[in-house]
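Residue numbering for the sequence shown follows this note's numbering, beginning at 2 and increasing consecutively.
Ideal placement from N, C-alpha and C gives every residue a C-beta, glycine not left out.
Structure, as structure tokens:
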Amino acid sequence: MKCGDILNLFSYVVRRDYGFAPNPFPPFCTLATCKPIIRNITNINDWVIGTGSTAEKSPFKNKLIYAMKVTQKMTYDDYWNNPDFQYKKAVMNGSLRQQYGDNIYHHDAAHQQYIQENSHHSLAGGIVNELNYNRDLTSQYVLISDYYWYFGKSAVLLPSEFENLIKRGPGFKKIDEKNCSAIIREFILWIEQFSDRKFIDCPALFNRPFERYDGR
């Protein structure tokens with residue numbers, strides 16, 4: 002693997018693993034809500050990883066929830082209209098996977114604003130949740146991958162040599178290519194050893210009925 006083959010790696014804590022952000026259901030893993038800065042500045046071929054809570058008693062401490070190589074990046078409107086991602090639209094009377102669909106924003110041309118569909122990020126009845134609306138729409142981009150590992154509730158412990166990749170607390174950590182960081186290359190080699198790819202296990206919070214996120 003040559004230096005030029007590697008771009009950047011972004012790491013953050015997945016605080017609520019419902020299967021919404023990320024939405025890991027095959028054939029694509031998508032990050033369409035939350036983490037607007039990551040969605041703005043990440044490019045195709047960059048990597049995004051989500052780890053578990055770093056709380057001392059968390060069963061997911063220092064564990065990898067998912068890792069994806071970004072293979073597409075598109076706007077909300079393109080995501081909404083693309084036939085490949087219609088299955089990601091939220092269906093409130095559907096299965097749990099459908100209820101947690103993340104394809105929830107699209108532009109209302111008549112009123113020159115975005116619509117927030119009835120979803121995990123809206124209030125009951127589809128009323129707009131302003132906190133989620135304003136945060137999500139800080140970026141209009143969706144990150145998409147067909148080259149990913151989503152472990153969910155079977156999150157795997159990261160080897161000690163990768164602990165520096167873990168973001169502690171809110172926000173995100175960026176490891177960039179400026180110095181052709183060896184840790185990115187080593188991480189990719191490690192994750193590619195897992196023969197199972199894409200959706201490996203259910204989200205950690207899939208053991209409870211559908212919930213809405215109030216944005217706090």
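Put simply, the segment 143 to 161 touches the segment 196 to 209. At least three CB pairs are less than 8 angstroms apart.
Here the alpha carbons of residue 8 and residue 19 stand approximately 29 angstroms from one another. For residue 78, the enclosing alpha helix (DSSP H) begins and ends at 77 to 82. Taking C-beta atoms under 8 angstroms as the contact rule, residue 90 and residue 145 fail to qualify, at a distance of about 15 angstroms. Judged by their CB atoms, residue 40 and residue 123 are not nearer to each other than the 8 angstroms cut-off.
Within the same chain, Cβ atoms closer than 6 angstroms to the Cβ of residue 101 are found at 19, 20, 21 and 121, the five residues on either side in sequence being excluded. If you ignore the 5 residues before and after residue 61, its C-beta comes within less than 6 angstroms of the C-beta of 53, 54 and 156, all in its own chain and listed in chain order. With 16 or more other Cβ atoms inside 10 Å of its own Cβ, residue 192 counts as buried. Three or more Cβ pairs drawn from the segment 181 to 191 and the segment 156 to 167 lie within less than 8 angstroms of each other, which places the two stretches in contact. In the structure shown, the three-state DSSP call for residue 168 is coil.
Secondary structure at residue 206: coil, using DSSP grouped into helix, strand and coil. Its Cα nearest to that of residue 63, the residue 158 stands out among 86, 158 and 17. Beta-bridge partners assigned by DSSP to residue 30: 146. For the options 170, 43, 216 and 149, the alpha carbon positioned closest to that of residue 177 is the one of 43.
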